[in-house]
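The numbering used here applies: residue -5 is where the sequence shown begins, and numbers increase by one. Reviewing the structure listed below.
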Amino acid sequence: MIKYFFLVASFFISEFASSQSYFSKRFEYGQPGWWDGASCILQLSDGYILNGAYQYYSPHCVGFCKFDLLGNKVFAKTICDDTTEYFSGEPGSIIALTTDSIIAVGTSLTPTTNWEHDQGVIYFLNSQMDTLALKKYGETSFPYDTAYLFAQVKVDPDRNLIITGLHYPNTSNGRASMLLMKADTKGNLIWKKHYGTGLHYEGKSVICTSDGGYAIGGYGYGIPLPPDFSGDPVLIKTDSAGNQQWMLNMGSILVDTKAMICNSMDGNIIVGTTYCDSMPGSGPIAVGNPYRRINLLKVDNNGNILWNKKYGLSTVYNELQNIRENSDGSLVACGMTTRFYTYTIDYAGWIFKTNQDGDSLWYREYVVCDGKTSWNWLWDVLQTKDNGFIAGGNVYVHPPDTGSHDGWILKVDSLGCENPSYCWVGINQERDLPVVERLTIFPIPASSTIQVAIVNIKPDFPVYLTLVDLFGNKVKEVLIPSVETSIRIDISAIPDGLYLVIARSGNQIIARSKLLINKKATGL
């Protein structure tokens, strides 16, 4: 997939630029050649913990890997058992209670004579990721036909643990319910609740709401399958005792993805998902490859949608994996999407940032294996203390890329750039396209018009100037009558945000630069 590159403009460089770190590395929790992957990130004062999977066919283990602030691996530890498999939860399933008390949640699977015994697990760890205790929840006697899976954990204002996940009783005829559980910090159960009737519900994300209750983000779909292939992001709100107050379905009639949620500074609920608006196929519910867009919503505690915004073009199997609020109220989300080439496809991880009102600030795609066949997935992201972002995921390697399926840790700056001179924006440009800076644009930031000139070049063909948004969509194109004089361009109808300005002569890109539009700015 061809990409545009641009240098970070001088007006973006702040006091953080000299102190921000950058790295993108593959890693392993244990033996080389095993399959590794990171689904959760925890930030410590001296580095980061990546929690995820460690497996070579069987058994399935949970891994914890620590990196320092510069991306150097400090240690890796695993939880394995010859008779039981262990799994981590969804993104956001590891938290710090104190500097030396870490809680993670997930699931254990023990084979039985009739099937398997699935239990929810709380992992109690210290800051060195030594396992202090494991506490399991589920049936304690045969036939072990009810499953509990833990997905995410938070701490409420009373210092209790709030856990969401899935409850799957064998008597449900294939129906699972969303789980909400409250326990003290030693893991002693206070209460548990189940939600959902007639549909399959999975809890994926949980928060404490500003009115003293709780909200669960998750996923629901029709039973039986087929003929209903629809899957929907679901939001459930409860009171402080876990009693359901309302439920909101935010999906289309097609196959959407889970709802991941976080708090907003103004006391509301932020929902992140990917919305399916087409599936090539036939029938009343089209069956095929789901094309999805990033979809963010703000919902109040009464279930009213305050805003609902969709971003970019729909891409195949686009999936949002987590969303978090930053220190200034802005939002950051991550996920992965499919990319198509002439003869191959791959997956790229992405990170997307908006302001607190859901307006796009930047969107970037990332790979650690660049052979255009491997799967580069990002599962979790959070803001770092230097105002950059740390993300974790995994890579499924396919030739010509080499090595095993590894974990992936990615550190970018506050603009999502992988280093000071490398920032991806747009689509359909080669990764190794050389950087060219031959455009002058004034003023920056701009509000209504800009003055543009091409310098130090005399092209052979007429020059077209194109403005491209964060997702690679063309928002404006003009013909430059002469490269020997500057041209004034009206940008008053273009929304605020960061844009790439590209000059083309014939089939060649001859220059590019950046443009920040801010309607409150003064100037031309």
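No residue lacks a Cβ here, since even glycine has one placed at the ideal position from N, Cα and C.
For residue 162, is the classification buried or exposed, using 16 other Cβ atoms within 10 angstroms of its Cβ as the cut-off for buried?
buried
Span separating the alpha-carbon of residue 514 from that of residue 483
18 Å
One question on the structure: do residue 310 and residue 349 come within less than 8 Å of each other, judged by their Cβ atoms?
no
Mind checking whether residue 404 and residue 360 have CB atoms under 8 Å apart?
yes
Quick one: Cα of residue 70 to Cα of residue 86, how far?
Taking the straight line from one Cα to the other gives about 19 Å.
Where residue 160 falls: helix, strand or coil (DSSP)
strand
Please return the same chain residues whose Cβ sits closer than 7 Å to the Cβ of residue 152, not counting the five positions on each side in sequence.
none
Whose C-beta lies closer than 8 Å to the C-beta of residue 276 among residues of the same chain, with five residues either side of it excluded?
Because the pLDDT of residue 276 is 45, which lies under 50, any placement of that residue in the model is unreliable, and the number read from its coordinates should be weighed accordingly. Contacts found: none.
Select from 182, 320 and 372 the residue whose C-alpha is nearest the C-alpha of residue 331.
Looking at the Cα atoms, 372 is the closest of the given residues.
Tell me which same chain residues have a C-beta within less than 8 Å of the C-beta of residue 394, skipping the five on either side of it?
365 and 367
Residue environment, residue 511, which counts as buried when at least 16 other CB atoms sit within 10 Å
buried
Return the chain-ordered list of same chain residues with a C-beta closer than 6 Å to the C-beta of residue 410, the five sequence neighbours on each side being excluded.
345, 356 and 358
What's the C-alpha gap between residue 427 and residue 504?
In this predicted model, residue 427 has a pLDDT of only 37, less than 50, meaning its place in the structure is not dependable; the value taken from the coordinates is given anyway. Looking at the two C-alpha atoms, the distance is approximately 11 Å.
Which partner residues of residue 54 appear in the DSSP bridge assignment?
The partner list for residue 54 (beta bridge, DSSP) reads 49.
Determine, using beta carbons only, whether residue 88 and residue 36 come nearer to each other than 8 Å.
yes
Touching by the beta-carbon criterion (3+ pairs, under 8 Å), the segment 94 to 109 and the segment 73 to 83
The answer is yes - the segment 73 to 83 touches the segment 94 to 109, with three or more Cβ pairs under 8 Å.
Residues bridged to residue 329 by DSSP?
314 and 344
Report the rounded CA-to-CA distance for residue 204 versus residue 150, giving the unit in angstroms.
One C-alpha to the other measures close to 11 Å.
Check each candidate in 41, 48 and 40 and name the one with the smallest Cα separation from residue 27.
48
Measure the beta-carbon distance from residue 65 to residue 401 and round it to whole angstroms, keeping in mind my assumption that it falls under 8 Å.
Contact between residue 65 and residue 401 is ruled out by a C-beta separation of about 13 Å, above the 8 Å threshold.
Does residue 58 come within less than 8 Å of chain D when only Cβ atoms are used?
In summary, chain D is missing from the structure at hand, where a single protein chain is found.
Exposure label - residue 407; buried when at least 16 CB within 10 Å:
Buried is the call here.
Where DSSP assigns a beta bridge to residue 105, which residues make up the other side?
110
Exposure of residue 244, with buried meaning 16 or more beta-carbon neighbours within 10 Å
buried
May I have the straight-line CA-CA distance separating residue 224 from residue 246, to the nearest angstrom?
8 Å
Cβ-Cβ distance between residue 30 and residue 392 below 8 Å
no
Measuring straight from C-alpha to C-alpha, what distance separates residue 132 and residue 215?
24 Å
Could you have a look at residue 597 and say whether DSSP puts it in helix, strand or coil?
This structure leaves residue 597 out entirely; the chain is present only between -5 and 518.
Following the continuous beta strand (DSSP E) through residue 385, name the residue where it begins and the one where it ends.
383 to 390
Through-space distance from residue 43 to residue 198, alpha-carbon basis:
21 Å
Helix, strand or coil: how does DSSP classify residue 122 here?
coil
Using a threshold of 8 Å, state whether the C-beta atoms of residue 457 and residue 434 are closer than that.
no
Residue range of the unbroken beta strand (DSSP E) whose run includes residue 171:
Counting along the chain, the beta strand (DSSP E) containing residue 171 begins and ends at 171 to 177.
To the nearest angstrom, how far is the alpha carbon of residue 273 from that of residue 237?
36 Å
Is the Cβ-Cβ distance between residue 263 and residue 327 less than 8 Å?
No, these two residues do not count as a Cβ contact at 8 Å.
Classify residue 369 as buried or exposed, calling it buried when 16 or more other Cβ atoms lie within 10 Å of its own Cβ.
Of the other Cβ atoms in all chains shown, 16 or more fall within 10 Å of the Cβ of residue 369; this residue is therefore buried.
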